[in-house]
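One structure is given below, encoded as structure tokens.
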Ligand code: 2AM
Ligand code: CA
Ligand code: CA
Ligand code: CA
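In the numbering used here, the protein residues as written are 234 to 501.
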């Protein structure tokens, strides 16, 4: 992608994300419809859908040849990542949005031929915009983020993960994961995958693991985390695809090796 084209896309995408965030803040004070999807705890609201429609309308008007993958289904049914593809989660952390009215984000990744070029994560209530272009560094608002500390000690690491790792699950023996949380310094669950990536990039957590994420949960976070030297793969250390769900392990290179080896002991 030409630099000038990418810079224009970056400015446009950031402007739309900020506008969508403002709309969410305005609409969330009124009443809105809440439904569940795959299970009673998997929530979606009218505002998730309206926000995704907002992006799809703007993108199709302005960049008719760009593809769109969005959680709520207003985008395209893509089977390939050829060309420029926007990968959008209109509200990441819908449960937080509904119950807490905070700790949710808009996540927008822009990929060209499968390579992440732009990542934008907006913490809507904190009004923090995390953003990155490939090879040009990552930012929190106007501040450039420092490279991740390369050698934090495993026993002093704070890892983003949810409690399902400690229940019986089909990925890893829960006894091994119980040992894992006793070995690390602390575990944190923020309830928004995009924010976990942003906090990793900011250096306030040292790693993030998830059992099942979709492309829109990961697309922006991967670009931002990689710009500060993070490694973002499956929990087996394999490359992530943006066309399917997968497990995720994101952190600096040193910890990545330590965590992957630990998980391997209990991998099913
Ligand atoms: P969501 O809020 O956009 O659905 C914690 O729930 C994190 O996991 C959130 O980032 C959430 O994204 C994501 N997630 C992915 N699949 C989910 C599902 N089936 N149910 C709930 N959260 C899911
Ligand atoms: Ca959802
Ligand atoms: Ca999500
Ligand atoms: Ca969502």
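Think of the CB as a built atom: it goes at the ideal place given N, C-alpha and C, for glycine as much as any other residue.
No experiment lies behind these values; they were computed from the predicted model shown.
Closer than 7 Å by C-beta to residue i: which residues in its own chain qualify, once you throw out the five before and the five after it? Chain order, please.
{"i": "residue 430", "result": "354, 441, 454, 457, 458, 483"}
{"i": "residue 420", "result": "392, 394, 414"}
{"i": "residue 267", "result": "276, 278, 331"}
{"i": "residue 366", "result": "239, 243, 350, 351"}
{"i": "residue 261", "result": "280, 334"}
{"i": "residue 291", "result": "249"}
{"i": "residue 449", "result": "302, 303, 304, 320, 321, 322, 340"}
{"i": "residue 289", "result": "301, 303, 307, 308"}
Ordered along the chain, which non-local residues of its own chain (more than five positions away) have a Cβ less than 8 Å from that of residue i?
{"i": "residue 258", "result": "357, 358"}
{"i": "residue 274", "result": "328"}
{"i": "residue 383", "result": "462, 485, 486, 487"}
{"i": "residue 361", "result": "355, 373, 374, 431"}
{"i": "residue 269", "result": "275, 276, 277"}
Go through its chain and collect everything with a Cβ distance to residue i's Cβ below 6 Å, but skip five positions before and after it.
{"i": "residue 282", "result": "305"}
{"i": "residue 461", "result": "371, 378, 380, 381, 434"}
{"i": "residue 464", "result": "486, 489"}
{"i": "residue 398", "result": "410"}
{"i": "residue 496", "result": "405, 468"}
Tell me, to the nearest whole angstrom, how far the beta carbon of residue i is from that of residue j; I am working on the premise that it is less than 8 Å.
{"i": "residue 308", "j": "residue 317", "result": "No, residue 308 and residue 317 are not in contact; Cβ-Cβ is about 13 Å, not under 8 Å."}
{"i": "residue 349", "j": "residue 452", "result": "7 Å"}
{"i": "residue 443", "j": "residue 418", "result": "The pair is not a contact, with the Cβ atoms about 19 Å apart (cut-off 8 Å)."}
{"i": "residue 425", "j": "residue 326", "result": "3 Å"}
{"i": "residue 287", "j": "residue 336", "result": "Actually they do not touch by this definition, with Cβ atoms about 21 Å apart."}
{"i": "residue 245", "j": "residue 295", "result": "7 Å"}
{"i": "residue 499", "j": "residue 408", "result": "7 Å"}
{"i": "residue 422", "j": "residue 396", "result": "7 Å"}
If you draw a straight line from the C-alpha of residue i to the C-alpha of residue j, how long is it?
{"i": "residue 324", "j": "residue 330", "result": "8 Å"}
{"i": "residue 314", "j": "residue 321", "result": "14 Å"}
{"i": "residue 248", "j": "residue 446", "result": "26 Å"}
{"i": "residue 352", "j": "residue 339", "result": "11 Å"}
{"i": "residue 250", "j": "residue 285", "result": "11 Å"}
{"i": "residue 375", "j": "residue 342", "result": "19 Å"}
{"i": "residue 439", "j": "residue 310", "result": "35 Å"}
{"i": "residue 186", "j": "residue 234", "result": "Because the chain here runs from 234 to 501, residue 186 falls outside it and cannot be looked at."}
{"i": "residue 272", "j": "residue 237", "result": "44 Å"}
{"i": "residue 386", "j": "residue 432", "result": "18 Å"}
{"i": "residue 475", "j": "residue 468", "result": "16 Å"}
{"i": "residue 494", "j": "residue 437", "result": "23 Å"}
{"i": "residue 344", "j": "residue 364", "result": "14 Å"}
{"i": "residue 473", "j": "residue 466", "result": "6 Å"}
{"i": "residue 401", "j": "residue 501", "result": "11 Å"}
{"i": "residue 403", "j": "residue 252", "result": "40 Å"}
{"i": "residue 241", "j": "residue 412", "result": "48 Å"}
{"i": "residue 293", "j": "residue 300", "result": "9 Å"}
{"i": "residue 265", "j": "residue 368", "result": "40 Å"}
{"i": "residue 477", "j": "residue 470", "result": "16 Å"}
{"i": "residue 297", "j": "residue 254", "result": "23 Å"}
Just to confirm the assignment: which complete beta strand (DSSP E) runs, minimum length 3, are found wholly within the segment 283-331? 300-303, 317-325
What are the start and end residues of each continuous beta strand (DSSP E) run of 3 or more residues lying completely inside the segment 428-482, in chain order? 440-446, 464-466
Uninterrupted alpha helix (DSSP H) stretches inside the segment 362-422 (no shorter than 4 residues): 407-416
What residues come near ligand 3, if near means a beta carbon less than 5 Å from any of its heavy atoms? 322, 325, 450
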